[in-house]
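To start, the structure under review is shown below, and the notes come after it.
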Amino acid sequence: MPQKILEVSNLTVEVGGKIVVKNANIEIERGEISVLLGPNGSGKTTMLKAIMGLSDYKIVEGKILLDSVDITSLPPWERARMGLALSYQNPPPLPIKMGMLLERISKIYGKEVNITNAVNQTVITHLLERDAFSGFSGGEIKRSELTTILLSKPKVALLDEPDSGVDVESVRKIAKLIDQLAEEGTGILLVTHVGLLARYLRRLGKGYVMMRGIVSPGGDARKILKIVLNEGYENLYRR
Amino acid sequence: MLSNDANEKLTEALGKAKELGIDVEKGGSIVLNETMLFRRLSEELEKKGIIYTEIHEAAKEYSDIFEKHAFMKVRGSLKEIDSGVFLYVPRGVILEKPIFNCFVLGKRGIVQRIYNLIIIEDDSKAIGLSGCFTLVNEAIHSSLEEIHVGSNASFTKVMLHNWLPKISVSAFTAVQLGRGGKYQDIYVNYSEARSISFNTRIYHEGDYSASRADQIIATSGTGDLKYSTEVFLSRKGTSSQLISRLLSRDRGKIKSKTKIVAEEKETKGHIDCKGMLLGDGGEISTIPELSSMSSDAELTHEASIGKIKKEELEYLETKGFTEEQAISLLVRGFLETGTTGLPESIKNSIDNILERLSRAKG
Numbered sequence: 206m207p208q209k210i211l212e213v214s215n216l217t218v219e220v221g222g223k224i225v226v227k228n229a230n231i232e233i234e235r236g237e238i239s240v241l242l243g244p245n246g247s248g249k250t251t252m253l254k255a256i257m258g259l260s261d262y263k264i265v266e267g268k269i270l271l272d273s274v275d276i277t278s279l280p281p282w283e284r285a286r287m288g289l290a291l292s293y294q295n296p297p298p299l300p301i302k303m304g305m306l307l308e309r310i311s312k313i314y315g316k317e318v319n320i321t322n323a324v325n326q327t328v329i330t331h332l333l334e335r336d337a338f339s340g341f342s343g344g345e346i347k348r349s350e351l352t353t354i355l356l357s358k359p360k361v362a363l364l365d366e367p368d369s370g371v372d373v374e375s376v377r378k379i380a381k382l383i384d385q386l387a388e389e390g391t392g393i394l395l396v397t398h399v400g401l402l403a404r405y406l407r408r409l410g411k412g413y414v415m416m417r418g419i420v421s422p423g424g425d426a427r428k429i430l431k432i433v434l435n436e437g438y439e440n441l442y443r444r
Numbered sequence: 013m014l015s016n017d018a019n020e021k022l023t024e025a026l027g028k029a030k031e032l033g034i035d036v037e038k039g040g041s042i043v044l045n046e047t048m049l050f051r052r053l054s055e056e057l058e059k060k061g062i063i064y065t066e067i068h069e070a071a072k073e074y075s076d077i078f079e080k081h082a083f084m085k086v087r088g089s090l091k092e093i094d095s096g097v098f099l100y101v102p103r104g105v106i107l108e109k110p111i112f113n114c115f116v117l118g119k120r121g122i123v124q125r126i127y128n129l130i131i132i133e134d135d136s137k138a139i140g141l142s143g144c145f146t147l148v149n150e151a152i153h154s155s156l157e158e159i160h161v162g163s164n165a166s167f168t169k170v171m172l173h174n175w176l177p178k179i180s181v182s183a184f185t186a187v188q189l190g191r192g193g194k195y196q197d198i199y200v201n202y203s204e205a206r207s208i209s210f211n212t213r214i215y216h217e218g219d220y221s222a223s224r225a226d227q228i229i230a231t232s233g234t235g236d237l238k239y240s241t242e243v244f245l246s247r248k249g250t251s252s253q254l255i256s257r258l259l260s261r262d263r264g265k266i267k268s269k270t271k272i273v274a275e276e277k278e279t280k281g282h283i284d285c286k287g288m289l290l291g292d293g294g295e296i297s298t299i300p301e302l303s304s305m306s307s308d309a310e311l312t313h314e315a316s317i318g319k320i321k322k323e324e325l326e327y328l329e330t331k332g333f334t335e336e337q338a339i340s341l342l343v344r345g346f347l348e349t350g351t352t353g354l355p356e357s358i359k360n361s362i363d364n365i366l367e368r369l370s371r372a373k374g
């Protein structure tokens with residue numbers, strides 16, 4: 206029996222005085238990967254950041270339930286500790302060694318999380334003594350962000366284009382990690398605008414399409430992907 | 013025989029030193045006010061020919077060594093000095109464990125005048141950890157220091173300053189490096205001293221000698237701290253790195269001048285100076301200066317002053333850090349200079365201090 210782990214209802218988000226997300230509804234199930242597709246500028250990143258609670262993304266209407274708890278008005282760190290995680294598309298370079306950042310994250314989420322295992326899986330051991338995200342390649346950024354997600358063992362992971370700027374081989378590795386997260390019970394909302402990554406995922410569930418701030422009702426991710434890749438977003442939108 | 017008061021102060025100073033990770037009982041000394049009250053060096057080190065004693069005593073008992081090296085690069089005379097440390101490491105002796113020195117102010121209104129002379133002979137290696145702190149408020153610490161590092165010798169000096177708000181400090185250190193000599197200087201100030209004026213000069217007088225100076229300076233309250241470090245790359249193939257991390261909370265002022273002068277061929281120098289302002293009334297000035305008299309010298313510098321960025325804070329908050337934890341983590345990362353090669357015990361002491369500094373509230 207599928208179990209809803211994240212429910213976003215009628216979410217309207219304002220950024221800089223402009224409505225960017227309009228009455229969005231999304232449901233994520235435990236252990237399932239849902240995909241949010243859409244062209245550049247359609248509002249996908251804005252929606253993820255609003256769900257995570259970032260201050261520039263004002264929720265003017267709607268509700269977010271994480272494991273049946275209303276988190277709509279909680280600060281980001283509380284949402285994170287309750288089991289919501291966001292993987293940034295472009296995390297800011299930080300004046301902190303990557304190793305120190307991961308060590309501190311693992312302290313927040315408990316001792317059972319093994320940093321060595323996580324960094325071996327994501328192949329970022331060589332980055333631990335470098336300032337986080339500073340001068341990293343596209344693939345290194347994505348794998349480092351995914352490591353932070355692995356360490357927090359979230360109930361729901363919001364992954365913002367973990368495949369952008371990454372070579373095909375790395376996309377396969379990233380897909381494997383995402384599948385593994387889902388296998389361990391994490392519900393995943395994966396944002397992508399090309400769908401390449403989604404082709405490699407085994408635990409794909411629902412698919413949503415976002416155009417001009419509006420999210421389509423959820424459908425079968427693989428079918429939606431096929432239409433998007435064959436006909437483009439505009440045709441899908443007209444349907 | 014110490015008076016009761018001196019004994020109590022010594023016990024207090026030993027305890028405080030230990031808290032800072034400076035275990036003089038393992039080998040080192042404590043100068044309290046004008047007097048060296050405690051000195052210990054293991055028999056093993058004495059057998060190796062290491063001389064570690066009070067400066068006036070050294071001038072009398074080891075006058076040949078003293079006169080050859082003392083007051084060569086700093087101006088002054090022993091008449092104007094209350095006390096200080098004399099460390100002599102003979103040729104070819106490797107000292108793996110650090111020697112600890114503490115300079116403690118324990119009497120209100122006192123002016124403590126120190127002169128330290130450190131001589132590391134050719135092919136030798138030593139590490140010194142000095143802690144300067146106070147048991148009272150309203151006093152002055154004034155110090156002169158000369159360090160001579162011989163050919164292919166190495167000396168690492170770690171200095172921790174922890175003063176109270178009504179303490180004034182003036183210090184001058186001169187370092188002379190022989191051929192292939194290495195000098196590493198790590199300085200951490202984590203106090204609210206009223207004023208600190210600290211000048212360092214490093215003279216590369218032997219070919220291929222190398223130096224590195226890391227300054228981690230944090231101030232709060234209304235402290236007015238001025239630092240000046242000058243390096244003279246006067247011989248072929250010499251190199252130096254000057255790294256500063258300046259952190260001002262509240263209304264603290266920090267001014268850091270760093271200068272590298274390349275006078276010879278194949279010299280290399282780099283200045284990396286970063287400042288962070290955490291308060292509204294504080295001030296940080298960085299003045300990096302590079303001067304070259306050689307066409308193939310490589311001199312570079314990078315300098316920046318800023319505050320914590322909102323996007324950095326928010327990123328960390330999405331990873332589960334509260335705002336306070338996120339600020340601490342960003343400050344901790346900022347203070348890191350990437351020093352390597354220190355003994356574990358010293359590394360831990362510095363890490364603990366940086367941890368404390370990063371958690372302190374402005």
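Sequences listed follow chains A and B, in order.
206 is the number of the first residue of the first sequence in my numbering; add one for each residue after it.
13 is the number of the first residue of the second sequence in my numbering; add one for each residue after it.
Just so it is clear, CB atoms sit at the ideal spot from N, CA and C, and this is done for glycine as well.
Neighbouring residues, chain A, relative to L341 (chain B) (Cβ below 9 Å) | Taking the second sequence and counting its residues from 1, one reaches residue 341 (chain B) at position 329. Residues of chain A passing the Cβ test: L299, I301, M305, L306 and R309.
Proximity winner among B:E348, B:N19, B:R87 and B:N113, relative to L156 (chain B) (alpha-carbon distances) | Taking the first residue of the second sequence as 1, we reach residue 156 (chain B) at position 144. Nearest of B:E348, B:N19, B:R87 and B:N113 to L156 (chain B), Cα basis: B:R87.
Between V265 (chain A) and the rest of its own chain, which residues show a CB-CB distance below 6 Å, the 5 nearest in sequence each way excluded?
-> Taking the first sequence and counting its residues from 1, one reaches residue 265 (chain A) at position 60. Result list for V265 (chain A): T217 and E219, in chain order.
What did DSSP end up calling L434 (chain A) once you bin it into helix, strand or coil?
-> Reading the first sequence from its first residue, position 229 is the one you call residue 434 (chain A). L434 (chain A) falls in the helix class under three-state DSSP.
In chain B, what lies closer than 7 Å to M257 (chain A) by C-beta?
-> For the purposes of this step, residue 257 (chain A) is taken as residue 52 along the first sequence, with counting starting at 1. Chain B residues near M257 (chain A): T330.
Nonlocal neighbours in the same chain, by C-beta distance under 6 Å from K267 (chain B), ignoring five residues either side | Looking up residue 267 (chain B) in the second sequence gives position 255. Contacts found: K238 and S297.
Would you identify the three-state DSSP class for R224 (chain B), choosing helix, strand or coil?
-> Counted from its first residue, the second sequence places residue 224 (chain B) at position 212. Three-state DSSP puts R224 (chain B) in a strand.
So which residues of chain B does L291 (chain A) contact, with C-beta pairs closer than 7 Å?
-> Along the first sequence, one-based indexing puts residue 291 (chain A) at 86. Result: T330.
Going by DSSP, what residues sit across from I269 (chain A) in a beta bridge?
-> Indexing the first sequence from 1 puts residue 269 (chain A) at position 64. In DSSP, I269 (chain A) forms a bridge with A:V213.
Within chain A, partners of G382 (chain B) - CB distance below 7 Å | Because residue 382 (chain B) is not part of the residues shown, which for chain B are 13 to 374, the question remains open.
In its own chain, which residues sit with a C-beta less than 6 Å from the C-beta of E232 (chain A), not counting the 5 before and 5 after it?
-> Your numbering for residue 232 (chain A) matches position 27 in the first sequence. The residues are K209 and E212.
Would you report the Cα separation of S369 (chain A) and G243 (chain A), rounded to the nearest angstrom?
-> Counted from its first residue, the first sequence places residue 369 (chain A) at position 164. Counted from its first residue, the first sequence places residue 243 (chain A) at position 38. Answer to the nearest angstrom: the Cα atoms are 14 Å apart.
For L279 (chain A), does the three-state DSSP call read helix, strand or coil?
-> Translated into positions along the first sequence, residue 279 (chain A) becomes position 74. Note: L279 (chain A) maps to coil in three-state DSSP.
Unbroken stretches of the alpha helix (DSSP H), 4 residues or longer, contained in the region 284-359 of chain B = 322-330 and 335-347
Taking just the CA atoms, how far does L395 (chain A) sit from I229 (chain B)?
-> Here residue 229 (chain B) refers to the residue found at position 217 when the second sequence is read from its first residue. Here residue 395 (chain A) refers to the residue found at position 190 when the first sequence is read from its first residue. Using only the alpha carbons, I get a separation of about 44 Å.
Say whether chain A places a C-beta atom closer than 8 Å to the C-beta of G374 (chain B).
-> What you label residue 374 (chain B) is simply residue 362 of the second sequence in a count that begins at 1. Here G374 (chain B) scores only 45 on pLDDT, less than 50, and its place in the model should not be relied on; the value that follows carries that caveat. It does not: the Cβ of G374 (chain B) has no partner Cβ on chain A nearer than 8 Å.
From T334 (chain B) to W282 (chain A), what does the alpha carbon distance come to, in whole angstroms?
-> Here the question's residue 334 (chain B) lines up with position 322 in the second sequence. Here the question's residue 282 (chain A) lines up with position 77 in the first sequence. Roughly 6 Å separates the two Cα atoms.
Please state whether DSSP places G374 (chain B) in a helix, a strand or coil.
-> By 1-based counting over the second sequence, the position of residue 374 (chain B) is 362. Interpretation of G374 (chain B) is limited by its pLDDT of 45, a score under 50 that renders its predicted location unreliable; the figure taken from the coordinates is listed afterwards. Three-state DSSP puts G374 (chain B) in coil, outside helix and strand.
Interface residues of chain B facing Y314 (chain A) [CB-CB closer than 9 Å] = Along the first sequence, read from residue 1 onward, the residue named residue 314 (chain A) stands at position 109. Per Cβ cutoff of 9 Å: G332.
Drop a sphere of 10 angstroms on the beta-carbon of P359 (chain A), count the other beta-carbons inside from all chains shown, and report buried for 16 or more, exposed for fewer.
-> Along the first sequence, read from residue 1 onward, the residue named residue 359 (chain A) stands at position 154. Result: buried.
Length-filtered (3 minimum) beta strand (DSSP E) runs lying within the region 367-407 of chain A = 392-397
Report the rounded CA-to-CA distance for K428 (chain A) versus G412 (chain A), giving the unit in angstroms.
-> Counted from its first residue, the first sequence places residue 428 (chain A) at position 223. Counted from its first residue, the first sequence places residue 412 (chain A) at position 207. Rounded to the nearest angstrom, the two C-alpha atoms are 8 Å apart.
Within 10 angstroms of its Cβ, does H216 (chain B) collect 16 or more other Cβ (buried), or is it exposed?
-> The residue given as residue 216 (chain B) occupies position 204 in the second sequence. Answer is buried; the Cβ neighbour count reaches 16.
Helix or strand or just coil, what does DSSP make of R335 (chain A)?
-> On the first sequence, residue 335 (chain A) is found 130 positions in, with the first residue counted as 1. Coil at R335 (chain A), not helix or strand.
What number of angstroms, rounded off, separates the C-alpha of V123 (chain B) from the C-alpha of A165 (chain B)?
-> For this step, residue 123 (chain B) is matched to residue 111 along the second sequence. For this step, residue 165 (chain B) is matched to residue 153 along the second sequence. Roughly 34 Å between the two C-alpha positions.
Member of A:R417, A:L291, A:V433 and A:I432 whose CA lies at the smallest distance from the CA of K223 (chain A) | Counting from one through the first sequence, the residue named residue 223 (chain A) turns up at place 18. When each option's Cα is compared against that of K223 (chain A), the closest is A:R417.
Near K277 (chain B), which residues of its chain fall below 8 Å by C-beta distance, leaving aside the five closest residues on each side in sequence?
-> Start at 1 with the first residue of the second sequence, and residue 277 (chain B) comes out as number 265. Taken in chain order, the residues that qualify are K248, G249, S306, D308 and A309.
I329 (chain A) and T352 (chain A) look like a contact to me (Cβ under 8 Å); what is the Cβ gap, rounded to whole Å?
-> On the first sequence, position 124 is the one that residue 329 (chain A) refers to. On the first sequence, position 147 is the one that residue 352 (chain A) refers to. I329 (chain A) to T352 (chain A), Cβ: 6 Å. Contact.
Could you work out which residue in A:K431, A:G424, A:M415 and A:G423 is closest to R404 (chain A) when comparing CA atoms only?
-> As a position in the first sequence, residue 404 (chain A) is number 199, starting the count at 1. R404 (chain A) has its Cα closest to that of A:K431, out of A:K431, A:G424, A:M415 and A:G423.
Can you name, in chain order, every residue of its own chain whose Cβ lies under 7 Å from the Cβ of I35 (chain B), other than the five neighbours on each side?
-> Residue numbering aside, residue 35 (chain B) sits at position 23 when the second sequence is read from its first letter. A small fix is needed here, since residue 35 (chain B) is Asp in this sequence, not Ile. For D35 (chain B), where only same-chain residues beyond five positions count, the Cβ hits under 7 Å are F112.
Measure the Cβ-Cβ separation of S136 (chain B) and S154 (chain B) and say whether it is below 8 Å.
-> Indexing the second sequence from 1 puts residue 136 (chain B) at position 124. Indexing the second sequence from 1 puts residue 154 (chain B) at position 142. No, Cβ-Cβ distance for S136 (chain B) and S154 (chain B) is not below 8 Å.
Quick one: what's V36 (chain B) bridged to in DSSP?
-> In the second sequence, the residue the question calls residue 36 (chain B) occupies position 24. Its beta-bridge partners do not exist; DSSP assigns none.
Relative to the C-alpha of M305 (chain A), which residue among A:I320, A:G340 and A:K254 is closest?
-> If you number the first sequence from 1, residue 305 (chain A) lands on position 100. Taking only the C-alpha atoms, the option nearest M305 (chain A) is A:I320.
If we cut at 8 Å on Cβ distances, does K265 (chain B) have a partner in chain A?
-> As a first step, residue 265 (chain B) is located in the second sequence; it is residue number 253 there, counting from the start. Output row for K265 (chain B): interface = no.
Proximity test, Cβ basis, 8 Å: K321 (chain B) and chain A = The residue you call residue 321 (chain B) lines up with position 309 of the second sequence. Chain A, which has a Cβ nearer than 8 Å to the Cβ of K321 (chain B), makes this yes.
So is S260 (chain A) in contact with chain B if we call contact Cβ pairs under 8 Å?
-> As a working note, residue 260 (chain A) is residue 55 in the first sequence. Yes, contact with chain B.
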